[in-house]
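Colleague: Below is one structure. I have some questions about it.
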Amino acid sequence: MDTLIVEGGTPLCGELELSGAKNSITKLMVASMLTQESCTFHRVPHIGDSRVTQAICEALGTRFTQRPPRTLEAHTPQLHSSEIPLSLASHNRLAIMTVAPLLHRQGRAVVPAMAGGDRIGPRPVDFHLEGYRAMGAQVEVRDQVYYFETEGLRGADLALPYPSVTTTENLLMAATLAQGRTFIRNAAIEPEVMDLVMFLQKMGAIIDYNVDRTLVVEGVGQLRGAAHELMPDRLVAASMGAAAVASGGDVFVRGARQADLVAFLNTLRRVGGQFEVKTEGIRFFRQGPLRAITLETNVHPGFMTDWQPPFAILLTQAQGMSVIHETVFEGRFGYVEQLQRMGADVALYDTCLGGGRCRFAASNYQHSCVIKGPAALRGAQCAIPDLRAGFTYLIAAILAKGTSTLTGVEHLDRGYEDLAAGLQGLGARLERRT
Ligand code: EPU
0 MDTLIVEGGT
10 PLCGELELSG
20 AKNSITKLMV
30 ASMLTQESCT
40 FHRVPHIGDS
50 RVTQAICEAL
60 GTRFTQRPPR
70 TLEAHTPQLH
80 SSEIPLSLAS
90 HNRLAIMTVA
100 PLLHRQGRAV
110 VPAMAGGDRI
120 GPRPVDFHLE
130 GYRAMGAQVE
140 VRDQVYYFET
150 EGLRGADLAL
160 PYPSVTTTEN
170 LLMAATLAQG
180 RTFIRNAAIE
190 PEVMDLVMFL
200 QKMGAIIDYN
210 VDRTLVVEGV
220 GQLRGAAHEL
230 MPDRLVAASM
240 GAAAVASGGD
250 VFVRGARQAD
260 LVAFLNTLRR
270 VGGQFEVKTE
280 GIRFFRQGPL
290 RAITLETNVH
300 PGFMTDWQPP
310 FAILLTQAQG
320 MSVIHETVFE
330 GRFGYVEQLQ
340 RMGADVALYD
350 TCLGGGRCRF
360 AASNYQHSCV
370 IKGPAALRGA
380 QCAIPDLRAG
390 FTYLIAAILA
400 KGTSTLTGVE
410 HLDRGYEDLA
420 AGLQGLGARL
430 ERRT
């Protein structure tokens, strides 16, 4: 396991360039398997989740050609397997996303039922399975493996119980080549979903999206190869923005797009952080004290759940009592215990604080928290449990007085490209030891 030794207390200052979004490239690689023609992606991030998804696609028959620095060609003239190897299924949540190309080209898909990814709740895939059943696939679960089979997917009227991102993307891919028209009601409309919509449209798909969050897909006979420049990673943009402001620094995030960050920027302004939108990116900085706020996460266009952990760190530095209500994932406060050990005053609640009732209201999930600030954080030893929690610990360590030792640094590599070097470039005092 790699370790990061962090000497805290330095504001982050300088410039950082965003690469393409993790949650876009992985789906686009899978979408490229819907055609026998070659697809090209630009602004591809060098991160663990891209590599794992690439390995999954290769195991099924895709050939990749890397064109440095950031172009990747994906070509799947033939699929030679319809089974996702168990060894590749547990790293991220992409295995289940391969069902659409496998069913359209092979008529069957075998996917281990152990979806990986961050430990932020149970993360079931029941919406995906129900969607495929409604589109004419037989779906069975035996010995922790999903078996899908079909003689041809057909359009269906699907209403998602919740606007799930990967369910929307999965069923969207399935619908592009299904016979007839598919309605995906209560669909997710996150910018990453729209990046996939744009890529599929270039491939020849017909997808409309209505004002009421309904995606309407007219199935076509076949899709062709296409090229796409990935959207920049708005999770990394917000993480860095929050870190810059929390540390009292000044960071220009090259490539950050205002349109993807509207809710984040509004919230940053409410708390007293500053930003300046420029043609080529966004500058994040701070000029005065930070104020406590009440914050609720939600699906797009709300405040994104992935922005919540880094924002919580920011709120530990704000004057007064802040409230966060997490409404997307039931287990997204796993990082709090470690923060408490570092000196943050954070208390968790199973009630809906600060806003309306959410779907976790009647449960005992600890999905609200109260943060009292400002807190003087102190360095600590901690084991990183997953990607986003890891970034949160790292920022806490950068703000803290003294030395922190972070183990399990590999988790960060799944979604952040050379994070240690990037933060060193911003003046953070840290060293990675292998
Ligand atoms: N849900 C179900 N059943 C399903 C699918 C989802 O109950 O079949 C529930 C989930 O348990 C959760 C809610 O619906 O409570 C929303 O989950 P969603 O499906 O939208 O999340 P996801 O698709 O698994 C993606 C991103 C996450 C991001 C969320 C929300 C990918 C690979 N992951 O997850 O990103 O937090 O959408 O925007 O796209 C990350 O990048 O670190 C990350 C966790």
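Okay, so the sequence shown: first residue is 0 according to numbering that gives the first Met the number 0, each after it adds one. Where a beta carbon is used, it is the ideal one built from N, C-alpha and C, also for glycine.
1) Any contact of the region 36-47 with the region 410-419, i.e. 3+ C-beta pairs under 8 Å?
2) Report yes if the C-beta distance between Ala427 and Leu11 is below 8 Å; otherwise report no.
3) Which same chain residues end up closer than 7 Å to Thr2 when comparing Cβ atoms and leaving out the 5 residues on each side of it in sequence?
4) Which same chain residues, not among the five before or five after Thr153, have their C-beta less than 7 Å away from its C-beta?
5) Alpha carbon to alpha carbon, what distance is there between Asp344 and Gly372?
6) Would you tell me roughly how many angstroms separate the C-alpha atoms of Arg439 and Val219, rounded to the nearest one?
7) Let's see if you can read the secondary structure: which residues bound the beta strand (DSSP E) around Leu376?
8) Following a CB-centred definition, is Phe126 positioned closer than 7 Å to any heavy atom of ligand 1?
9) Between the Cα of His299 and those of Glu329, Phe263, Arg50, Gly271, spot the shortest distance and give me the residue it belongs to.
10) What three-state label does DSSP hand Ile46 in the structure shown?
11) Examine ligand 1 and report whether any of its heavy atoms sits within less than 7 Å of the Cβ of Thr304.
12) Would you call the region 156-165 and the region 263-275 in contact, with 3 or more CB pairs under 8 Å?
13) For Met0, which option in Ala382, Glu191, Leu429, Thr391 has the closest C-alpha, if you only look at C-alpha atoms?
14) Keeping to the same chain, check which residues put their C-beta closer than 7 Å to that of Ser81; ignore five residues upstream and five downstream.
15) From Leu398 to Gly60, what does the alpha carbon distance come to, in whole angstroms?
16) By the 10 Å Cβ neighbour count, where 16 or more other Cβ atoms means buried, how is Met113 classified, buried or exposed?
17) Does Thr447 pass the burial test, meaning 16 or more other C-beta atoms within 10 Å, or should it be called exposed?
18) With burial defined as no fewer than 16 other Cβ atoms inside 10 Å of the residue's Cβ, what is the status of Thr64: buried or exposed?
19) From this set, Tyr348, Ala374, Arg356, which residue's C-alpha is nearest Asn363's C-alpha?
20) So, does the region 313-329 touch the region 290-304, judging by three or more C-beta pairs under 8 Å?
21) Using the Cβ count rule (16 or more neighbours within 10 Å means buried), how would you classify Pro288?
22) Quick one: is Leu85 buried, meaning 16 or more other Cβ sit within 10 Å of its Cβ, or exposed?
23) Pick out whichever of Pro190, Val5, Cys56 has its Cα sitting closest to the Cα of Ala20.
24) Between the alpha carbons of Leu87 and Pro123, how many angstroms are there, rounded?
25) Thinking C-beta only, is Met341 closer than 8 Å to Arg377?
26) Glu72: which of His227, Phe284, Glu336 sits nearest, CA to CA?
27) With burial defined as no fewer than 16 other Cβ atoms inside 10 Å of the residue's Cβ, what is the status of Ala361: buried or exposed?
28) Just list the residues that DSSP pairs Cys351 with in beta bridges.
29) Return yes when the C-beta of Ser163 is under 7 Å from any heavy atom of ligand 1, and no when it is not.
30) Taking Asp232 as the reference, give the member of Val210, Asp207, Tyr208, Asp194 with the closest Cα.
31) Check whether the Cβ atoms of Met96 and Glu168 sit closer than 8 Å, and answer yes or no.
32) Which residues in the same chain have their Cβ closer than 6 Å to the Cβ of Tyr208, if we skip the five residues on either side of it in sequence?
33) Once the 5 residues before and after Gln307 are set aside, which same chain residues still bring their CB inside 7 Å of it?
34) If Met320 sits next to Val270, beta carbons under 8 Å apart, how far is it from one beta carbon to the other, in whole angstroms?
35) For ligand 1, I want to know if Pro123 counts as a neighbour, meaning its beta carbon is within less than 7 Å of at least one of the ligand's heavy atoms.
36) Which residues share a DSSP beta bridge with Lys510?
Modeller: The relevant details are as follows:
1) yes
2) yes
3) Thr404, Leu405, Thr406, Val408, Arg432
4) It should be noted that the sequence gives Arg, not Thr, for residue 153. Counting only Cβ-Cβ distances below 7 Å, and skipping sequence neighbours, we find Met134, Gly135, Ala177, Gln178, Gly179.
5) 7 Å
6) Nothing in the structure corresponds to residue 439, since the chain is present only between 0 and 433.
7) Neither: Leu376 is in no beta strand (DSSP E) and is coded neither H nor E.
8) yes
9) Cα-wise, what sits closest to His299 is Phe263.
10) In the three-state scheme derived from DSSP, where H, G and I count as helix and E and B as strand, Ile46 is classed as coil.
11) Yes, the Cβ of Thr304 comes within 7 Å of a heavy atom of ligand 1.
12) no
13) Ala382
14) Leu101, Gln105, Arg107, Ala108, Val109
15) 46 Å
16) exposed
17) Outside the displayed range of the chain (0 to 433) lies residue 447, so it cannot be described from this structure.
18) Thr64 comes out exposed.
19) With distances taken between Cα atoms, Asn363 lies closest to Tyr348.
20) yes
21) It is exposed - the Cβ of Pro288 has fewer than 16 other Cβ atoms within 10 Å.
22) exposed
23) Pro190
24) 18 Å
25) yes
26) His227
27) exposed
28) Looking at the DSSP assignment, Cys351 forms no beta bridge with any residue, so it has no partner.
29) yes
30) The shortest Cα separation from Asp232 among Val210, Asp207, Tyr208, Asp194 belongs to Asp194.
31) yes
32) Leu214
33) Thr296, Ile323, Glu325, Arg331
34) The Cβ separation is near 13 Å, so there is no contact.
35) yes
36) Nothing about residue 510 can be read from this structure; the chain reaches only from 0 to 433.
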